[in-house]
Amino acid sequence: MQTKRKLTPRSTPVQKRALERRENILKVTAHLLEEVGQDDLTTILVAKTVGVSVGTLYHYFPNKYAIMHALAERWLDEMDNGLRELENYPIETFGLKQFVETSTNRMLLTYQQQEGLLPLVQAMYGVPELKALDSQHDATIISAMARMFKRLEISNRTSELERLGREWLEISHALLLVIVHQDSADAGRSLADLKFLSLCLLERAKGQF
């Protein structure tokens with residue numbers, strides 16, 4: 003059985019300068035993830051790019067997985083913020099097409115704002131220390147979508163709402179990860195395809211209710 007690596011820092015930064023340095027480490031690591039990928043990411047590379055010693059870096063994060071864990075937590079926070087914003091809309095007054103347009107555009111913004119997202123989500127799926135966050139990510143989206151689908155009167159059965167929430171997650175998550183890396187023309191077409199697929203899913207489900 004593989005021993006999980008330590009993720010907690012030696013000390014928690016509280017002073018402004020320390021907090022700013024931690025923020026810079028996260029920003030640099032996200033950029034490096036996009037540039038070199040998870041396998042070639044090292045604490046030596048992060049420290050060199052940030053401009054600090056490896057020893058200083060270890061005061062904030064004991065290894066690269068701890069940095070990615072912090073990035074994953076931030077990604078979950080951003081996703082949660084986006085979903086909460088959607089749930090604050092008067093969804094009961096929306097038609098299905100308006101809901102698909104609004105929700106897909108808002109989620110696209112969340113994906114666009116996270117640098118290094120593809121290697122990060124791959125790490126969340128494959129790295130043991132991050133798997134709990136991957137499960138939390140999926141559960142958060144499925145639950146939020148199920149609540150919104152209920153308000154759209156797509157179904158009143160919890161199991162069906164959650165099934166649709168998972169289908170929505172699998173379709174949108176996969177395509178949004180592609181869209182954010184496409185050129186503008188292809189991204190526009192792929193986004194239109196995603197909205198079409200999502201609308202078909204909801205129309206079919208509501209038609210059976």
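Note that our numbering has the sequence shown beginning at 3, numbered continuously upward.
The beta carbon of each residue, even a glycine, is placed where N, CA and C say it ideally should be.
Same chain only: Cβ atoms within 6 Å of residue 120, ignoring 5 sequence neighbours per side: 179
In the DSSP assignment, find the unbroken alpha helix (DSSP H) run with residue 101 in it and report its ends. 98-114
Do residue 122 and residue 35 have their C-beta atoms closer together than 7 Å? yes
Relative to the alpha-carbon of residue 170, which residue among 155, 207 and 135 has its alpha-carbon at the smallest distance? 207
Considering only residues of the same chain and omitting the five flanking positions on each side of residue 3, which have a CB-CB separation below 8 Å? Only weak support exists for where residue 3 lies, its pLDDT of 44 falling under 50; the value from the coordinates is given anyway. Non-local C-beta neighbours of residue 3 in its own chain, meaning closer than 8 Å and more than five positions away in sequence, are absent.
In whole angstroms, what separates the C-alpha of residue 39 from that of residue 66? 12 Å
Hey, how far is the Cα of residue 19 from the Cα of residue 44? 24 Å
Straight-line gap, residue 210 to residue 160 (C-alpha atoms, nearest Å): 15 Å
In whole angstroms, what is the alpha-carbon distance linking residue 135 and residue 205? 31 Å
Out of 195, 203 and 189, point me to the one whose CA is closest to residue 114's CA. 189
Are there 16 or more other CB atoms within 10 angstroms of the CB of residue 167, so buried, or fewer, so exposed? In summary, residue 167 is buried, with 16 or more beta-carbon neighbours lying within 10 Å of its beta-carbon over all protein chains present.
Per-residue burial, residue 196 [other beta carbons within 10 Å of its own, 16 or more giving buried]: Residue 196 counts as buried, since at least 16 other C-beta atoms from the protein chains shown sit within 10 angstroms of its C-beta.
When you compare the CB positions of residue 147 and residue 93, do they come within less than 7 Å of one another, or not? no
When we look at the beta-carbon of residue 57 and count the other beta-carbons within 10 Å, is it buried (16 or more) or exposed? Exposed.
Short Cβ contact (7 Å threshold) for residue 78 with residue 139: yes
Closest by CA to residue 95, which one among 71, 60 and 155? 155
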